[in-house]
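Undergrad: Sharing a structure with you now.
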Amino acid sequence: MATNENLPPNVIKQLAKELKNLDETPPEGIKVGVNDDNFSFIYADIEGPAGTPYANGVFRMKLILSHDFPQSPPKGYFMTKIFHPNIATNGEICVNALKKDWNSILGIRHVLIVIRCLLIEPFPESALNEQAGKMLLENYEEYARHARLYTGIHAPKPKSKFKTGGISESTTVLNVEQANTSVKSIDQKNAVSDDAPQLPSLLAPKLGNNQDQPTATSSTEPGVSGLKSLPVTHKEVGVAKVLLDKKKIDARKKSLKRL
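In numbering that gives the first Met the number 0, the protein residues as written are 0 to 258.
See below:
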């Protein structure tokens with residue numbers, strides 16, 4: 000719990016509750032930070048709204064709470080340089096919510112949302128930056144060009160500290176290398192030299208009279224015809240030999256009968 004003597008305990012308690020809520024459910028485009036030991040200074044990073052000269056920028060600002068807050072409004076300052084009619088060169092913010100329209104029931108969330116809306120719709124009639132106010136009224140394109148230039152120089156979005164792309168790339172390279180190694184290993188296993196015996200294919204057709212398969216005029220076993228020109232198993236060769244022996248015996252019997 001904060002121990003700032005400038006703020007009453009009941010105010011500190013209320014602020015702690017509100018800041019916790021802001022942390023759990025932050026307003027769109029706003030991130031709040033605070034020193035737990037001093038609630039007099041509240042910091043926020045505000046993303047430039049899309050469609051404005053402040054888009055793609057992140058602007059840091061702070062609210063300074065006085066000892067009689069919330070009876071008196073906080074003072075707001077942009078810590079990031081910005082070209083805006085209602086923000087002075089020293090960063091001071093001019094917005095009615097922090098002046099004549101202040102109400103003690105308004106919270107920090109309301110103030111931050113109003114300040115971000117100021118980036119969408121400036122009020123050049125109450126300008127703290129006279130150059131920006133005059134330029135906005137007379138030549139919006141020139142004003143927008145200046146604002147974009149300030150945004151690009153002073154408020155570029157910080158790059159992520161975590162290089163997720165690098166991790167993904169390393170993982171991808173590792174997977175590719177592993178895949179290449181696996182393919183090489185498979186190729187080496189499946190590689191057959193001229194001297195190595197070939198194993199029968201599991202999809203090779205068996206012995207039969209399939210007309211779609213080419214037949215061989217000769218076989219690896221002498222005297223056996225009608226065999227496919229495909230590798231055969233020892234069992235199939237054994238069956239063929241039995242048939243051949245039986246034919247030879249039958250032929251000898253016929254020869255003996257003729258005698």
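Backbone N, C-alpha and C fix where the C-beta goes; we use that ideal spot for every residue, glycine too. Bear in mind that the values here come from a model prediction, so they are computed numbers and not experimental data.
Do P52 and T150 have their C-beta atoms within less than 8 Å of each other?
TA: Contact flag set, yes.
Undergrad: Give the range of the beta strand (DSSP E) segment to which M60 is assigned.
TA: Unbroken beta strand (DSSP E) run through M60: 57-63.
Undergrad: In the DSSP assignment, what are the bridge partners of H83?
TA: DSSP output for H83 lists I86 as bridge partner(s).
Undergrad: Below 8 Å on the Cβ atoms is my guess for L14 versus F40; work out the distance and round it to an integer in Å.
TA: Rounded, the Cβ-Cβ distance is 11 Å, inconsistent with contact.
Undergrad: Please state if the CB of G56 and the CB of A131 are separated by a distance shorter than 8 Å.
TA: The answer is no: Cβ separation not under 8 Å.
Undergrad: Within 10 Å of its beta-carbon, does P157 have 16 or more other beta-carbons around it, so buried, or fewer, so exposed?
TA: Classification of P157: exposed, given that the 10 Å Cβ count is below 16.
Undergrad: In this structure, does DSSP put I104 in helix, strand or coil?
TA: Of the three classes helix, strand and coil, the one that applies to I104 here is coil, per DSSP.
Undergrad: Select from P84, C93, I92 the residue whose C-alpha is nearest the C-alpha of E137.
TA: When only C-alpha atoms are compared, the closest one is P84.
Undergrad: Using only the alpha-carbon positions, how far apart do N174 and L97 sit?
TA: Unreliable positioning characterises N174 in this predicted model, as indicated by a pLDDT of 41, which lies under 50. The coordinate reading is nonetheless provided below. Looking at the two C-alpha atoms, the distance is approximately 57 Å.
Undergrad: Classify I45 as buried or exposed, calling it buried when 16 or more other Cβ atoms lie within 10 Å of its own Cβ.
TA: With 16 or more other Cβ atoms within 10 Å, it is buried.
Undergrad: Restricting to Cα atoms, I'd like to know which of E27, P8, G32, P7 is closest to L18.
TA: Nearest of E27, P8, G32, P7 to L18, Cα basis: G32.
Undergrad: H66 and N5: beta carbons closer than 8 Å?
TA: In contact: H66 and N5 (Cβ atoms closer than 8 Å).
Undergrad: Who are the near neighbours of L148 in its chain, counting only those whose CB is closer than 6 Å to its CB and skipping five residues on each side?
TA: For L148, where only same-chain residues beyond five positions count, there are no Cβ hits under 6 Å.
Undergrad: Just list the residues that DSSP pairs P155 with in beta bridges.
TA: Paired residue(s): G56.
Undergrad: Taking the straight line between their C-alpha atoms, what separation do you get for L111 and L135?
TA: Whole-angstrom Cα-Cα distance: 23 Å.
Undergrad: Tell whether a beta-carbon distance below 8 Å holds between I63 and K74.
TA: The answer is yes: Cβ separation under 8 Å.
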